[in-house]
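Residue numbers (my numbering): 1 to 251. Positions of the beta carbon are idealized from the N, C-alpha and C atoms, including for glycine. Written below as structure tokens is the structure these notes are about.
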């Protein structure tokens, strides 16, 4: 960015596209894990209609903890309130709309101790790097469901694996992974995955992983295209992009 500024090159961004797409994917992971959709579908394809091991629970009345309540977290809060869940929230800057949707702001420790489901919607910063670590997991309810559709490094993957093995983490849904740049957005089905940590995650029957596809809807891609074109058009007409990025913005 500094080099671009030095040479007079404008850099623009798409600040948002569809918080609903990401929020709905988080809920899809919750439902899939809870009702064992991934396992049930594979069984039925093999003409196995046994219900053994497919027991789920009612979302109604459960406590959902949201870490991060920006646009995406707000959407999830509204959806989970619609299921009849008690919604707890944590964010350094509380969102009044989230409160109006029925969420109660509490401490991180209260999120860990009281939530049946914890869903992560925070950005990756030095403060949130490995936010979900050994210490955080130790405070969680046994059997908690953990969902991460924010950024991979918000959780310490090795600590998560230990949590899965101990049973503290009852199920895990991921759309992001801290070393995903070597894996996601490509077809590796004919190759050997050399990431042993990721390979270990794939061995758990109570883990569902998707390849960073939460944003991937018609509406989101259309908005990305429209905003990109709007950036270009604004630059053509005024010499300034609609949503410019400078090095100062990242400081």
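If contacts are defined as beta-carbon pairs under 8 Å, then residue i and residue j qualify, I think. What distance do you get, rounded to the angstrom?
i	j	result
residue 169	residue 117	Actually they do not touch by this definition, with Cβ atoms about 11 Å apart.
residue 244	residue 12	6 Å
residue 167	residue 141	11 Å between Cβ atoms; not a contact.
Does DSSP put residue i in a helix, in a strand, or in coil?
i	result
residue 226	helix
residue 30	helix
residue 235	helix
residue 251	The predicted position of residue 251 is uncertain, since its pLDDT is 42 and thus under 50; a value taken from the coordinates is nonetheless stated next. Looking at residue 251 - three-state DSSP - the assignment turns out to be coil, as it is neither helix nor strand.
residue 104	strand
residue 137	helix
residue 90	strand
residue 119	strand
residue 148	strand
Tell me whether the beta-carbon of residue i lies closer than 7 Å to the beta-carbon of residue j.
i	j	result
residue 181	residue 152	no
residue 27	residue 67	no
residue 175	residue 210	yes
residue 207	residue 242	no
residue 21	residue 225	no
residue 119	residue 147	yes
residue 14	residue 227	yes
residue 25	residue 214	yes
residue 59	residue 40	no
residue 85	residue 62	yes
residue 75	residue 19	yes
Please return the same chain residues whose Cβ sits closer than 6 Å to the Cβ of residue i, not counting the five positions on each side in sequence.
i	result
residue 106	88
residue 73	66, 121
residue 113	139
residue 103	77, 87, 89
Sorry if obvious, but does the Cβ on residue i come closer than 6 Å to a heavy atom of the ligand FMN?
i	result
residue 138	The ligand FMN is not part of the structure shown, which contains no ligands of any sort.
Which value, in whole angstroms, describes the spacing of the CA atoms of residue i and residue j?
i	j	result
residue 231	residue 178	30 Å
residue 189	residue 38	19 Å
residue 157	residue 48	33 Å
residue 124	residue 82	28 Å
residue 115	residue 160	16 Å
residue 3	residue 133	36 Å
residue 108	residue 247	31 Å
residue 130	residue 201	17 Å
residue 70	residue 36	29 Å
Which same chain residues, not among the five before or five after residue i, have their C-beta less than 7 Å away from its C-beta?
i	result
residue 184	211, 212
CB-CB under 8 Å to residue i, same chain, minus the five flanking residues each way: which ones, in chain order?
i	result
residue 240	10, 234
residue 197	157, 158, 161, 179
Step through the CB atoms of chain D and report whether any lies within less than 7 Å of the CB of residue i.
i	result
residue 216	Checking the listed chains, one finds no chain D in this structure; it contains a single protein chain.
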